[in-house]
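Below is one structure, written out as C-alpha cells; comments come after it.
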Amino acid sequence: MKIVINRALILSQLRANIVAIFSIIVALSGMAYNTWRNEKTEINHSVRIAAFETLKNLGEAQIVVEYLHFQKNRQLGDPVQGWGRMTYIRDLAQVLPAPGPAEAERLWAAWRDNVEGLGTNDEAMVKITDGLQLLRLTTLEILAGLH
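Taking my numbering, I'd label the letters of the sequence shown as residues 4 to 150.
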C-alpha cells in the first residue's frame with residue numbers, strides 16, 4: 004500500500020493555519036522564557052537573603068570577638084554565642100555560590116582553632132578577624148554579581 008502525499012493540500016492547510024502555528028510557537032517560547040526567568044529570580048532571591056543574613060551575623064560575630072579580646076568581657080563576648088554565630092554563618096553560606104561556602108569553612112576553622120586564644124593572644128584575634136573580613140568581602144562581591 005502506497006501513501007500518496009498531496010503537497011497542494013498540505014500547503015493550503017499550512018497557509019490557512021500559519022497564524023495559529025506561529026501563535027503556538029510564540030506562546031511556548033514565552034512560557035519557557037518566563038519559567039526560566041522565574042527560577043533565576045527565585046535563586047537570586049534566596050542568595051540575596053542568605054547573603055544579607057550572613058553579613059548581619061558576621062557583624063555580630065565581630066562584636067563578640069572584640070568584646071572578648073579587647074574588653075575581656077565574657078558576657079558580651081561569650082564564646083558560646085560566637086560558636087552559635089559561626090555555625091549559623093557556615094550553614095547560611097551553603098546557599099551562596101562559590102567561593103562563599105569555602106570561605107565560611109575557613110572562617111569556621113579559624114574560629115575553632117583560635118577561640119581559646121581570644122583575650123590573650125593577638126594572633127588568634129587577627130586570624131578570626133581576617134576570616135570574618137574575607138567572608139564579608141566575598142559576600143559583598145556575590146551580592147554585586149546578582150542580576
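We treat Cβ as the ideally placed atom computed from N, Cα and C, and that holds for glycine.
Contiguous alpha helix (DSSP H) assignments of at least 4 residues, all confined to the stretch 32-94: Listed in chain order, nothing qualifies, since the stretch 32-94 has no complete alpha helix (DSSP H) run of 4 or more residues.
Under 8 Å between C-beta atoms of G120 and K75: Counted from its first residue, the sequence shown places residue 120 at position 117. Counted from its first residue, the sequence shown places residue 75 at position 72. No, the pair does not count as a contact, with Cβ atoms beyond the cut-off.
First through last residue of the alpha helix (DSSP H) which encompasses V129: As a first step, residue 129 must be located in the sequence shown, where it is residue number 126. From DSSP, the alpha helix (DSSP H) with V129 extends over D125 to A147.
A101, enclosing alpha helix (DSSP H) - first and last residue: Mapped onto the sequence shown, residue 101 falls at position 98. Counting along the chain, A101 falls outside any alpha helix (DSSP H), and DSSP gives it neither H nor E.
Closest residue to L143 among I28, V7, E56 and M89 (Cα-Cα distance): Translated into the one-based positions of the sequence shown, residue 143 becomes position 140. When each option's Cα is compared against that of L143, the closest is E56.
Residue environment, A127, which counts as buried when at least 16 other CB atoms sit within 10 Å: Position 124 of the sequence shown, counted from the start, is the residue given in the question as residue 127. Flag for A127 reads buried.
CB-CB length for L12 against V50, believed under 8 Å: Counted from its first residue, the sequence shown places residue 12 at position 9. Counted from its first residue, the sequence shown places residue 50 at position 47. 55 Å between Cβ atoms; not a contact.
Helix, strand or coil at G120 [DSSP, three-state]: In the sequence shown, the residue the question calls residue 120 occupies position 117. If DSSP states are grouped into helix, strand and coil, G120 belongs with the helices.
Distance between beta carbons of I131 and V68, contact taken as under 8 Å: Taking the sequence shown and counting its residues from 1, one reaches residue 68 at position 65. Taking the sequence shown and counting its residues from 1, one reaches residue 131 at position 128. With a Cβ gap of about 6 Å, V68 and I131 count as contacting.
V7 (DSSP reduced to helix, strand or coil): Start at 1 with the first residue of the sequence shown, and residue 7 comes out as number 4. Residue state, collapsed to three classes: coil.
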